[in-house]
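Structure, as structure tokens:
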Amino acid sequence: MNLNSNVKEGRKVPRKGYIPKREVLPDPIYNSTVVTKLINKIMWDGKKGVAQKICYDAFEIIREKTGKDPLEVFETAMNNVMPVLEVKARRIGGATYQVPVEVRPDRRQTLGIRWLVDAARNRGEKYMRLRLAAEIMDAANNTGAAVKKKEDTHKMAEANKAFAHYRW
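Here it is in structure tokens:
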């Protein structure tokens, strides 16, 4: 019996099941999985050692400039950058609506890290460690490009609140 006969007879077509997410190991210095995710996001071409050096150097710069624990500054920055709402495109009767939806906790963290690293890459400082440190400190103070990205996302969700009933 081939697959097409299943479809014609109204039976369910086999699909892949749920694939569990792999657990990320905490980094060796700060013992934090969020820092590991940051390092993985900074990494290019599989060069994890380079990414770790950039991240840890940036954290040292934060320690020197603020006099606080860099992990606390980073956590504050992450809380200021992680979005609560986002918009998703939903097609209804030929029109596409931007429907505001709540963001799952794991996606909030992923988006926060992504926006921090992207904002750092687009800064003007000469070295990535300086750009990353500056962006994290800015985000901790509720300024900077990553926080602006979050605010823009929230504004989009607020502007499209009328379409919230299309949520699925």
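The working numbering numbers the first residue of the sequence shown as 224 and each following residue consecutively.
Using N, Cα and C, we set each Cβ at its ideal position, and we do this for glycine too.
Asked	Found
Please report the Cβ distance between V304 and A369, rounded to the nearest whole angstrom; I am assuming they are in contact, meaning their Cβ atoms lie under 8 angstroms.	5 angstroms
Apart from the five residues just before and just after P293, which ones in its own chain have a Cβ nearer than 7 angstroms to its Cβ?	F282, I285, R286
Take the Cβ of G316 as the centre, count every other Cβ of all protein chains shown within 10 Å, and call the residue buried at 16 or more, exposed below.	exposed
Terminal residues of the continuous beta strand (DSSP E) containing E381?	Note, E381: premise wrong, no beta strand (DSSP E); alpha helix (DSSP H) at 368-382.
Which residues does DSSP pair with E309 in a beta bridge?	V324
Which residue comes first and which comes last in the alpha helix (DSSP H) that contains M360?	351-363
Name the DSSP beta bridge partners of A318, please?	I315
Cutting at 8 angstroms between CB atoms, please list the residues of its own chain near V296, excluding the five before and the five after it.	I285, T289, I359, M360, A363
How big is the Cα-Cα spacing for A387 and A356?	37 angstroms
Alpha carbons only, please: which of R238, V257, V273, V322 is nearest the one belonging to T376?	V322
Excluding the five sequence neighbours on either side, which residues of its own chain have a C-beta within less than 6 angstroms of the C-beta of A380, listed in chain order?	L308, V310, P323
Are the Cβ atoms of V340 and K271 separated by less than 9 angstroms?	no
Helix, strand or coil, according to DSSP, for N303 in the structure here?	helix
Return the Cβ separation of I252 and Y279 in integer angstroms, given the expectation that the two are a contact with Cβ distance under 8 angstroms.	6 angstroms
Please state if the CB of I336 and the CB of K260 are separated by a distance shorter than 9 angstroms.	yes
Helix, strand or coil, according to DSSP, for N263 in the structure here?	helix
So P306 and K371 are supposed to be a Cβ contact under 8 angstroms. How far apart are they, rounded?	So it is not a contact: roughly 12 angstroms between Cβ atoms.
Looking at C-alpha atoms only, which residue of Q275, K384, G347 is the closest neighbour of G367?	G347
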